[in-house]
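Counting from 1, position 25 in the sequence shown corresponds to residue 390 in the working numbering; the numbering is continuous, with no gaps.
Note that the Cβ used here is the ideal one computed from N, Cα and C, for glycine as well.
Keep in mind it's a predicted model, so treat the numbers as computed, not measured.
Okay, structure first, notes after.
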Amino acid sequence: MKGVTIDKAVRKKLTFGQWLNTDTVSGYVFALPFIIGFSFMMAVPMFLSFYYSFTDFNMLNTPTFIGLDNYVRMWNDMRFRNSVSVTFRFVFLSVPVRLVFGLMLAYVLTRKTSGVHFYRSIYYLPTLIGGSIAVALVWGQLFQNQGVINVVLGAFGLDGVNWFGNPNNALWPLIFMSVWQFGSSMIIFAAGLKDIPETYYEAAEIDGANKWRVFFSITVPCLSPIILYNLVMQTIAAFMTFTQAFIITGGGPADSTNFLALYIYNHAFNWFNMGYASAMSWVLLTMVAVSTAFIMWTSKKWTFYANE
């Protein structure tokens, strides 16, 4: 208690300028933009959406409390079930392929070759522009019936594919677009590859291990924490995919690309079912949380740390 009294006495003697220069005040000042942004743009909307999920609210009326009716409604909503299925298919198909491409390119681009920095920039470029509306529009044109993709297939004597007219094919262009945006994971993989001690590779070379054995016995185990990080981040991003389906397919045909995020958007801003959309948002958050927790739990069996 004596120490606290002394501290208070010291603080009382500080001038306003000296008080502003203290580490505590400086820390709060620099953190203030994030605190304000998080509070008003994330925390408050989250609490409001949680409340709205238990109400009948269409943005034109006063929210009316209805308990768990919105969640019960989801159980009987076949379009909601389909959107969950489509979202999980997209995540399971796009994320692994995206990580494999990112790791392969990172492994190649960390070799000592000329122009490697230029190639890294080129491969990272799709990640910077891949989420834009303009790129989504161009991507949609590529897979049209008379688009570049079908023209290339025809040049090889193959029949063109009805990408967006057939529910069995419509999801694939969106998966290809997601895989195309592997730049962020590639950069992180490249940083991890550079941290692997060269002594491991030297020892493997002395033992006569070939490149495949070195890759799967040294590179992949040592890179497993980075793989885990990229897997978690890419999984979260895949669950929230919205722009591609919204711009290119609108959720069709026959709801074959109706991602859960798109279905939530339609209920909230097209059909004004804000209460039902809020409930689905919390279901989506739960799906992301459970998937992330499952990945983290299973990672204990395959992650490897070089300092262990």
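How is residue i classed by DSSP in three states: helix, strand or coil?
i: F430; result: strand
i: G368; result: Caution applies to G368, whose pLDDT of 38 falls short of 50 and renders its modelled position unreliable; the value that the coordinates give is listed next. Helix.
i: A671; result: Legend: pLDDT at A671 = 46, less than 50; position of this residue unreliable, value from coordinates given subsequently. Reduced to three states, the DSSP call for A671 is coil.
i: T622; result: coil
i: T420; result: strand
i: F521; result: coil
i: W636; result: coil
i: N318; result: Not covered by the structure: residue 318. The range shown for the chain is 366 to 673.
i: G402; result: helix
i: N510; result: coil
i: A574; result: coil
i: F547; result: coil
i: P532; result: coil
i: N515; result: helix
i: G617; result: coil
i: P562; result: coil
i: M605; result: coil
i: Q435; result: According to the sequence shown, residue 435 is Asn rather than Gln. Here N435 sits in helix by DSSP.
i: L627; result: helix
i: L413; result: helix
i: N447; result: helix
i: T452; result: helix
i: V655; result: helix
i: A374; result: Below a pLDDT of 50, predicted positions are generally treated as unreliable, and A374, at 49, falls in that range; no measurement from the model is reported.
i: N527; result: coil
For residue i and residue j, which I take to be in contact (beta-carbon distance under 8 Å), what is that distance rounded to the nearest angstrom?
i: T622; j: L539; result: 6 Å
i: V451; j: L518; result: At roughly 25 Å, the Cβ-Cβ gap does not stay under 8 Å, so V451 and L518 are not in contact.
i: S418; j: A644; result: 4 Å
i: S543; j: S459; result: 4 Å
i: T600; j: S664; result: In fact, because the Cβ distance is near 12 Å, the residues do not count as touching under 8 Å.
i: A501; j: Q609; result: 6 Å
i: F508; j: I514; result: 5 Å
i: L558; j: A633; result: The pair is not a contact, with the Cβ atoms about 42 Å apart (cut-off 8 Å).
Using only CA atoms, which one of the options lies nearest to residue i?
i: V473; options: L593, K576 and F453; result: K576
i: Y565; options: I514, V655 and P586; result: P586
i: W528; options: I592, N510 and V544; result: N510
i: W545; options: W662, F604, M661 and I487; result: I487
i: W662; options: F607, W647 and V597; result: V597
i: G616; options: L397, N531, N441 and L593; result: N531
i: F604; options: L649, F405, L397 and A501; result: L649
i: L593; options: D560, P398, K666 and L397; result: K666
i: F453; options: A633, A574 and A602; result: A602
i: G432; options: I660, I591, I514 and D421; result: D421
i: P562; options: D572, F541, T584 and I571; result: T584
i: F541; options: P590, V516 and P461; result: P461
i: I591; options: D560, E567, D572 and F580; result: D560
i: V653; options: S589, V456 and M406; result: V456
In its own chain, which residues sit with a C-beta less than 7 Å from the C-beta of residue i, not counting the 5 before and 5 after it?
i: M424; result: F637 and M639
i: T429; result: T420 and D421
i: G512; result: Q506
i: F395; result: none
Given residue i, which residues of its chain have a CB within under 6 Å of its CB, disregarding the five upstream and five downstream residues?
i: G505; result: I613
i: F547; result: R463, F466 and G467
i: I629; result: A642, M645 and S646
i: F611; result: L627
i: R438; result: none
i: A671; result: Low confidence applies here, because A671 scores a pLDDT of 46, under 50, leaving its location unreliable and the question unanswered by this model.
i: Y436; result: A644
Apart from the five residues just before and just after residue i, which ones in its own chain have a Cβ nearer than 8 Å to its Cβ?
i: R444; result: D620, N623 and Y628
i: F607; result: F624, A626, L627 and Y630
i: F412; result: none
i: N534; result: V526, N527 and W528
i: I578; result: Looking at the sequence itself, residue 578 is Arg, so the reference to Ile does not match. So the list reads A569, once near-sequence residues are dropped.
i: P618; result: F529, G530, N531, P532 and A535
i: S582; result: A569 and A574
i: D524; result: L518
i: S414; result: S643, S646 and W647
i: E567; result: none
CB of residue i to nearest heavy atom of the ligand NAD: below 7 Å?
i: Y565; result: In the structure on display, the ligand NAD does not appear, and there are no ligands present to speak of.
8 Å is my cut-off, CB to CB: does residue i come that close to chain B?
i: R438; result: In the structure shown, chain B does not exist; there is a single protein chain.
Item to complete: Pair every Cβ in the region 461-473 with every Cβ in the region 551-564, then say whether three or more of these pairs are closer than 8 Å.
Response: yes
Worksheet item: Does the region 437-454 come close enough to the region 623-632 that 3 or more CB-CB pairs lie under 8 Å?
Response: yes
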